[in-house]
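Novice: Dropping a structure here in structure tokens format, bear with me for questions.
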Amino acid sequence: MKRMVRFTTGLLLVLSLATGCSTADSSKPQASANPGGTAVTPASGEQITLRFFHRWPRDPDKTYFEQVVKEFEKENPNIHIETEAVLNDAYKEKISVLLGTNNPPDIYFSWSGEYAYKFVRGGKALDLTNYAEQDKAWSEQLMESQLVPFRLDNKLYGVPLTIDGKTFFYNKEIFSKLNLQVPKTWSEFISTLQTIKDNGYTPITFGNKAPWASSHYIGTLNQRMVEESVREKDYNRASGTFEDPGYVEALRKLQELVPYFNKDVNGLDHEFARQMFVDQKAAILYAETAEVRLVEPKTKFQWGFLDFPAIEGGKGNPNYLTGAPEGFMISSTTKHPDEAVKFLKFLTSKAQAEKFVKEVGKYSAVKGAVNENTATPLGIEAVERVTSAEGLALWLDTDLDIKIVDAYLAGTQQMLNGEKTPEDVLQDVRKAAQQVREQVK
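Residue numbering for the sequence shown follows the numbering used here, starting at 114 and increasing by one per position.
This is the structure:
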């Protein structure tokens, strides 16, 4: 990636972790450490157990991780790994609770950016900096752009597993039938949508029953409309005011798309909207690159990727992409940090990464893991779109304090229903930002 956006370091997202905890000082790799901080080195051959907690309880992910664990245990017979997995929303609640107990998982999944930073500030994440520095062969095979959102104060606290970004999927056959060119600017985009609508198609399929879906639109539009230094300040929980007029304009742009969405966007979930695209009932879908595996096998028509258009008058960089890596962190109180790191190194080895891409269909943050032997041409193109972007704007709902996120998403649902104006929504966001600033003081 040519250049990365500087990620904010002072935000709070979901349930706050135990207050008053300081970040554990684990900058030097230790053989093992107990919760009291006293180093203990396991005797040779001693059987140890690591608890591994992730958010993929369904296949193909479930089977993949089970196989990884078995292979690792075969190579390391003195290490046993207990695995637990729950789905997204349940995971967010449970991990916050578990990390506040005396028996947290040794290795746990985390979204990047502010979602990960709150664990660091709460003293729940092991500093992996020296591990990365002392094993360059491992750390340098990971995409640098995907490591950045797991760094705080120049220290590394997480290991990226996946790479993901947001883009439009579009039906090439509908575009060809209507003699449409791929739009490059917002005005061209709106004109294209109108032509699609005039010819009896739903231009964009959108399901916002779970409002994280609208957060992807808002996050992208904020990045396009607001100067990067201003957005960075506002996304910081200690300094955010959201007074820049670009934030209102961003919501107005989203409002402009309402006539081109399907009806009842707040009553439909994203999976239903995605199926509308697969069934050719809509010409365009705003989707994650990780969804290529969910769309490509089911489609019987030609489709491709369409860049989010440049917006006339926007002050943000049009060559940025909305997206973020996901990965794993290690508990600061683990009794076996070396062994936990050893497992993450195994999980993010080139061989395992290629299996992950080929068997699961998601895209790895390991360099070269996405190739002609592991992915389709569309999958390779999807990854290239992420890695060639000049920077990433993290998912809004993992990059802002939860109070601000809630104000944005609740207000946007009402705006999409015609119950609030963009100005009304921003008023709620600014109030939430003020509450967050006061909380930080």
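Idealized CB from N, CA, C, for every residue including glycine.
For the alpha helix (DSSP H) containing valine 272, list its first residue and its last residue.
Specialist: Careful: valine 272 lies outside any alpha helix (DSSP H), inside the beta strand (DSSP E) at 272-275.
Novice: Can you have a look at alanine 546 and say buried or exposed, based on whether 16 or more other CB atoms are within 10 angstroms of its CB?
Specialist: With 16 or more other Cβ atoms within 10 Å, it is buried.
Novice: For threonine 315 and aspartate 420, what's the separation of their Cα atoms in angstroms?
Specialist: Distance between the alpha carbons of threonine 315 and aspartate 420 is about 19 angstroms.
Novice: Just verifying my parser: in three-state terms, what is the DSSP assignment at glutamate 401?
Specialist: Strand at glutamate 401.
Novice: To the nearest angstrom, how far is the alpha carbon of serine 328 from that of proline 190?
Specialist: Taking the straight line from one Cα to the other gives about 45 angstroms.
Novice: Return the chain-ordered list of same chain residues with a C-beta closer than 8 angstroms to the C-beta of valine 518, the five sequence neighbours on each side being excluded.
Specialist: Counting only Cβ-Cβ distances below 8 angstroms, and skipping sequence neighbours, we find Leu126, Ser328, Leu509 and Asp510.
Novice: Is the beta carbon of glycine 278 closer than 8 angstroms to that of threonine 354?
Specialist: Going by C-beta atoms, threonine 354 is not nearer than 8 angstroms to glycine 278.
Novice: Quick check: the Cα distance between proline 218 and leucine 239, rounded to an integer number of angstroms?
Specialist: Distance between the alpha carbons of proline 218 and leucine 239 is about 12 angstroms.
Novice: Which whole-angstrom value is the C-beta distance of valine 272 and leucine 241, which I expect to be below 8 angstroms?
Specialist: Indeed they touch by this definition, with Cβ atoms about 7 angstroms apart.
Novice: Can you tell me whether DSSP reads serine 304 as helix, strand or coil?
Specialist: Helix at serine 304.
Novice: So for tryptophan 416, helix, strand or coil by DSSP?
Specialist: Strand at tryptophan 416.
Novice: Just curious, the beta strand (DSSP E) that leucine 505 is in, first and last residue?
Specialist: Residues 504-506.
Novice: Mind checking which residues open and close the beta strand (DSSP E) that includes glycine 164?
Specialist: In the sequence on display, residue 164 carries arginine and not glycine. Per DSSP, arginine 164 belongs to the beta strand (DSSP E) from 161-167.
Novice: Spell out the partners DSSP gives tyrosine 283 in its beta bridges.
Specialist: Tyrosine 283 is bridged to Ile397 and Gly417.
Novice: Look at the Cβ atom of leucine 163, then the Cβ atom of phenylalanine 459, and state whether they are nearer than 8 angstroms.
Specialist: Their beta carbons are not under 8 angstroms apart, which means leucine 163 does not touch phenylalanine 459 by this criterion.
Novice: Quick check: what's the CA-CA separation for tryptophan 325 versus threonine 525?
Specialist: For tryptophan 325 and threonine 525, the distance between alpha carbons rounds to 11 angstroms.
Novice: Assign threonine 354 to one of three DSSP states: helix, strand, or coil.
Specialist: Of the three classes helix, strand and coil, the one that applies to threonine 354 here is coil, per DSSP.
Novice: Hey, how far is the Cα of phenylalanine 469 from the Cα of glutamate 356?
Specialist: Straight-line Cα distance between these residues: approximately 43 angstroms.
Novice: Expressed to the nearest angstrom, what Euclidean distance is found between the alpha-carbon atoms of lysine 413 and alanine 229?
Specialist: Distance between the alpha carbons of lysine 413 and alanine 229: 39 angstroms.
Novice: Could you give the C-beta distance for methionine 442 and phenylalanine 232, rounded to a whole number, given that I count them as a contact under 8 angstroms?
Specialist: Between phenylalanine 232 and methionine 442 the Cβ distance is about 6 angstroms, and since that is below 8 angstroms, they are a contact.
Novice: Got a sec? Which residues, its chain only, sit under 7 angstroms from valine 361 by beta carbon, not counting five neighbours each side?
Specialist: Pro535, Glu536 and Leu539, listed in sequence order.
Novice: Would you mind stating whether arginine 168 and phenylalanine 222 have Cβ atoms separated by less than 8 angstroms?
Specialist: Cβ distance < 8 angstroms, so arginine 168 and phenylalanine 222 count as in contact.
Novice: Along the chain, where does the alpha helix (DSSP H) that runs through isoleucine 331 open and close?
Specialist: Its alpha helix (DSSP H) spans residues 325-338.
Novice: Can you tell me which of the three DSSP states methionine 389 falls into?
Specialist: Helix.
Novice: Buried or exposed: proline 77, going by 16 or more other Cβ atoms within 10 Å of its Cβ?
Specialist: Because the chain spans 114 through 554 in this model, residue 77 falls outside it and cannot be assessed.
Novice: Quick one: residues in its chain with C-beta nearer than 8 angstroms to the C-beta of lysine 411, no 5 flanking neighbours on either side, listed in chain order?
Specialist: Once the five neighbours on either side are set aside, the close Cβ partners of lysine 411 are Val391.
Novice: Check whether the Cβ atoms of alanine 555 and alanine 482 sit closer than 8 angstroms, and answer yes or no.
Specialist: Here the chain covers residues 114 to 554 and nothing more, so residue 555 does not appear.
Novice: With 16 as the cutoff for other CB atoms within 10 Å, does asparagine 349 come out buried or exposed?
Specialist: Buried, because 16 or more other Cβ atoms sit within 10 Å of the Cβ of asparagine 349.
Novice: Do the segment 437-452 and the segment 283-301 make contact, defined as three or more Cβ pairs closer than 8 angstroms?
Specialist: Touching, no, given that fewer than three Cβ pairs across the two stretches are closer than 8 angstroms.
Novice: In angstroms with no decimal places, state the Cα-to-Cα distance between lysine 554 and glycine 332.
Specialist: Cα to Cα, the separation comes out at about 26 angstroms.
Novice: Between the segment 381-395 and the segment 246-263, are three or more C-beta pairs nearer than 8 angstroms?
Specialist: The segment 381-395, when compared against the segment 246-263, does not touch it at the 8 angstroms Cβ threshold.
Novice: Exposed or buried, glycine 380, counting other C-beta atoms within 10 Å across all chains shown (16 or more means buried)?
Specialist: Glycine 380 should be labelled exposed.
Novice: So for isoleucine 424, helix, strand or coil by DSSP?
Specialist: Reduced to three states, the DSSP call for isoleucine 424 is coil.
Novice: Contact check, isoleucine 424 vs tryptophan 299 under 8 angstroms by CB: the rounded distance?
Specialist: Correct: roughly 4 angstroms between the Cβ atoms.
Novice: So what does DSSP say about glutamate 532, is it helix, strand or coil?
Specialist: Glutamate 532: coil per DSSP, three-state reduction.
Novice: Between which residues of its own chain and glutamate 197 is the CB-CB distance below 6 angstroms, once the five residues before and five after are set aside?
Specialist: These residues qualify, in order along the chain: Phe166.
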